[in-house]
Structures are given as C-alpha cells and as structure tokens.
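Okay, so the first sequence: first residue is 1 according to full-length UniProt numbering, each after it adds one.
Here the structure is laid out as structure tokens; the discussion comes afterwards.
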Amino acid sequence: MPPKKKARVSKRTASSGKDDDGETVSSAGGKRKAAASVGKNEKCSESPGSPQYSHWLMKSEPESRFENDIDVKFGIEDLKALPDQTGCWDGVRNYQARNFMRQMKEGQLAFFYHSNCKEPGIAGVMKIVKESYVDHTQFDKKDVHYDATSKPDNPKWSMVDVQYQRMMKRFLPLSELKKYHLQHRANGGPLKDMALFTRARLSVQPLTAEEFDFILSLEDEVAL
DNA sequence: GCCAACGTTGGC
DNA sequence: GCCAACGTTGGC
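Structure (structure tokens):
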C-alpha cells in the first residue's frame with residue numbers, strides 16, 4: 001500500500017461529524033475538555049489559555065488488522081522502511097487528535113506508540129518534518145478512512161509528515177508506564193497526568209517536556 | 001473475544 | 001441543548 005510516502009495511522013475515531021473546528025464538539029459530555037481549547041484562535045497560537053505543547057505521542061498499530069479488506073498495519077518498522085524514513089500521518093478522524101496535529105511544529109519530537117497489539121508501548125522517536133496540511137485520504141473512496149462528508153473545498157482532516165529518528169534503547173511497555181503513572185499519581189511525579197492514561201482513546205496526544213524527558217530517562221533504567 | 005471508556009449521532 | 005443509543009478504541 002505505501003509505495004510512496006504513506007503512513008497508516010492506527011486509531012482514529014468514527015469519522016464525520018459536522019463542525020469542522022471540532023474543538024468544542026468533542027468535549028460533548030462536558031467531561032473531558034482536552035487542553036485543546038485552541039479552536040477559535042488557531043491563527044494566534046500564543047493566545048492565552050492555549051498551552052504550547054512541544055512533544056507528542058502518536059499511536060499506530062504494528063500488527064495486521066483488516067478493515068474493509070485493507071490492512072491497517074503500520075508499525076515503527078514500516079515508517080523506517082519508507083523512502084527518507086518519512087511518512088504522512090494520515091487517517092486521523094478525531095477532532096481532538098486532529099487539533100493536536102495542527103499545533104505541531106516542524107522539528108518537534110514525538111513518540112511512536114504501538115497500540116492494539118501483543119505488547120503495547122513506546123517503540124521509538126520520530127520528528128515532525130512537515131506541519132499540518134490536508135489529508136488527501138479523506139477524499140479517496142478506496143481508502144479506509146474515506147469521509148464522504150468532507151468536501152475538497154472545505155476539508156475536515158489534516159495530517160503531518162513524520163520522520164523516523166530512532167528506536168528506544170529498550171521498548172517501553174504500557175504496563176511499565178502505567179506503574180509509573182500510578183506511582184506518580186499517588187506520590188507526585190512527572191507522569192501523574194500523562195494523557196495516555198487520562199485520555200483513554202486519544203490517538204495523537206501532547207506531552208510536556210517533563211513527561212517526555214522522564215520517559216526518555218527510563219531507557220537507561222531496568223524494567224520496572 | 002470481551003468489554004469499559006468515551007466520542008458521535010440523532011430524536012426530541 | 002439534553003441525553004440515550006450506538007459505534008469505535010484499545011487493553012486485557
């Protein structure tokens with residue numbers, strides 16, 4: 001499937017929806033308000049109230065799974081194998097996740113997270129090499145993530161380009177991250193509010209520099 | 001394969 | 001604008 005530079009994202013959420021500035025939309029139940037209160041003032045990213053994120057975590061499925069006869073598998077090895085080790089993170093169909101992608105800046109780092117697989121966890125690091133632009137797969141009827149409600153003159157979905165940087169020195173399993181999260185939630189620590197645990201199904205999520213650095217430091221520790 | 005969590009849809 | 005029904009995510 002990806003002869004050119006094509007990355008398949010694993011997890012999106014139900015497509016469609018009406019508001020193309022999903023910001024408000026998603027926080028429906030009023031439960032989770034996502035720090036993505038960016039919406040209205042997307043132009044001025046320095047608007048107060050919209051925290052500047054600098055690091056990210058992006059989920060994708062490393063194991064084969066067929067959706068409409070199409071394999072959605074895309075693990076870190078698949079990214080690494082692309083020309084220039086670069087691919088577009090297409091297929092995101094969730095407003096919160098999309099909005100986070102729109103905040104990404106060239107040069108920022110993101111963890112490549114393996115989801116829906118034998119061993120979920122952080123596999124490696126990648127870099128944002130192209131800021132958000134129109135995700136062409138929303139118009140492609142053949143694509144798993146085709147969205148009939150999105151029109152070319154007013155596209156709903158965006159993507160970024162990412163480039164493989166490196167594998168983690170050791171794979172960091174979700175189970176281990178969760179232990180730290182629980183520990184930090186109880187006694188304080190950098191992972192106490194990590195989005196991976198506080199925003200269950202979000203496929204593109206922000207990390208603070210502290211979270212990112214702490215996770216990197218785990219590479220040199222023995223598994224918990 | 002199960003199912004909890006949660007985003008989206010649509011009736012009212 | 002509320003909220004129940006529904007569909008998806010993703011760990012286990």
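Quick reminder that beta carbons are idealized off the backbone N, C-alpha and C, glycines included.
Quick caveat, the model's predicted, so the values are computed rather than measured.
In or out: Ser175 buried (at least 16 other Cβ within 10 Å) or exposed? exposed
Can you give me the C-alpha to C-alpha distance between Ser203 and Ile128, rounded to a whole angstrom? 16 Å
Helix, strand or coil at His114 according to DSSP, with G and I counted as helix: strand
Hey, could you find the ends of the beta strand (DSSP E) Met159 is sitting in? Residue range 158-173 is occupied by the beta strand (DSSP E) that includes Met159.
With DSSP as the reference, please indicate the residues paired to Asp71 in a beta bridge. Asp71 is bridged to Phe66.
Extent of the continuous alpha helix (DSSP H) to which Leu82 belongs: Careful: Leu82 lies outside any alpha helix (DSSP H) and carries neither H nor E.
Residues in its own chain within less than 7 Å of Phe197 by CB, not counting five upstream and five downstream? Lys178, His181
Apart from the five residues on each side of it in sequence, which residues of its chain come closer than 8 Å, Cβ to Cβ, to Lys118? Apart from the 5 residues on each side of it in sequence, Lys118 sits with its Cβ closer than 8 Å to the Cβ of Glu63 in its chain, given in chain order.
Lys142, buried or exposed, once every other Cβ within 10 Å from all chains shown has been counted against 16: Lys142 is exposed by the Cβ-count criterion.
Considering only the beta carbon of each residue, do Phe214 and Pro190 sit closer than 7 Å? yes
Backbone secondary structure at Leu224 - three-state DSSP: coil
For Gly75, which of Tyr164, Ala200, Val92, Tyr133 has the nearest alpha-carbon? The shortest Cα separation from Gly75 among Tyr164, Ala200, Val92, Tyr133 belongs to Tyr164.
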